[in-house]
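Read through the structure below, which is laid out as structure tokens, and then see the notes.
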Amino acid sequence: MHNKHVENTVDDVFTNPSRDQSAVQRSRHLPSNLTIVKAYWNLGTFRKGSENMHFSTKTYFKWSTVFKYLVNPLVVYTDSEEFKELMERLRSGRVNNTMIYLTNRTDFWPFRLPNNVRSVYNVPGYPQKPPDYSGSRIQRDSTFQIRGGGRHRA
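Residue numbers (the numbering used here): 11 to 164.
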């Protein structure tokens, strides 16, 4: 079976513009007092959705390039030095409205609950397949309307 990986190199991130660039540029219609908060935790490569779809750290690095074009204030939490450096490069023109925190994810209480999470997954009959977030994306897409009739799709 073909194993599909969604990834690019970090160099590709800077030499090949993102297709989502125009969508983020449209986000300039968001109120300027709206602060965006993002967290990136290095979870390695994992399967999500279909059997052949895998997401790697490089996938999220590529997707995060859209934050270069965001004019709103941005707060980033990460446990990855490499991701921190990427965000510093992407936001170098917006240092006055960007805060990047390199932290340990276990500093956040939800990550201190692995036994609780494990107990849920170990319940007999609990689905043993990777999550499929397509329903949440549909909800998100219908929620975030951009002025002017367009939609912002992340």
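Just so you know, even glycine gets a beta-carbon here, dropped at the ideal spot from N, CA and C. Source: prediction; values computed, not measured.
Candidates the options, of which the one nearest residue i by Cα
| i | options | result |
| --- | --- | --- |
| residue 42 | 82, 135, 62, 95 | 82 |
| residue 108 | 59, 95, 53 | 95 |
| residue 53 | 136, 115, 72 | 115 |
| residue 51 | 121, 79, 89 | 89 |
| residue 72 | 93, 124, 58, 134 | 93 |
| residue 67 | 78, 79, 59, 91 | 91 |
| residue 102 | 133, 44, 75 | 75 |
| residue 100 | 117, 77, 120, 127 | 77 |
Own chain residues within Cβ distance below 7 Å of residue i, not counting five before or after
| i | result |
| --- | --- |
| residue 87 | 49, 111, 113 |
| residue 10 | Since the first and last residues shown for the chain are 11 and 164, residue 10 lies out of range. |
| residue 70 | 50 |
| residue 121 | 115 |
Assigned secondary structure, residue i (DSSP; H/G/I helix, E/B strand, else coil)
| i | result |
| --- | --- |
| residue 50 | strand |
| residue 8 | Outside the displayed range of the chain (11 to 164) lies residue 8, so it cannot be described from this structure. |
| residue 105 | helix |
| residue 31 | Model confidence at residue 31 stands at a pLDDT of 47, short of 50, so the residue's coordinates are unreliable and nothing is read from them. |
| residue 87 | strand |
| residue 96 | helix |
| residue 124 | helix |
Cutoff 6 Å; reference residue i; Cβ partners in own chain excluding five residues on either side
| i | result |
| --- | --- |
| residue 46 | 82, 84 |
| residue 104 | none |
| residue 97 | 86, 110 |
Identity of the residues DSSP links to residue i by a beta bridge
| i | result |
| --- | --- |
| residue 45 | BP columns for residue 45 are empty, so no partner. |
| residue 80 | BP columns for residue 80 are empty, so no partner. |
| residue 111 | 87 |
Residues near residue i in its chain [Cβ-Cβ closer than 8 Å; skip 5 each side]
| i | result |
| --- | --- |
| residue 127 | none |
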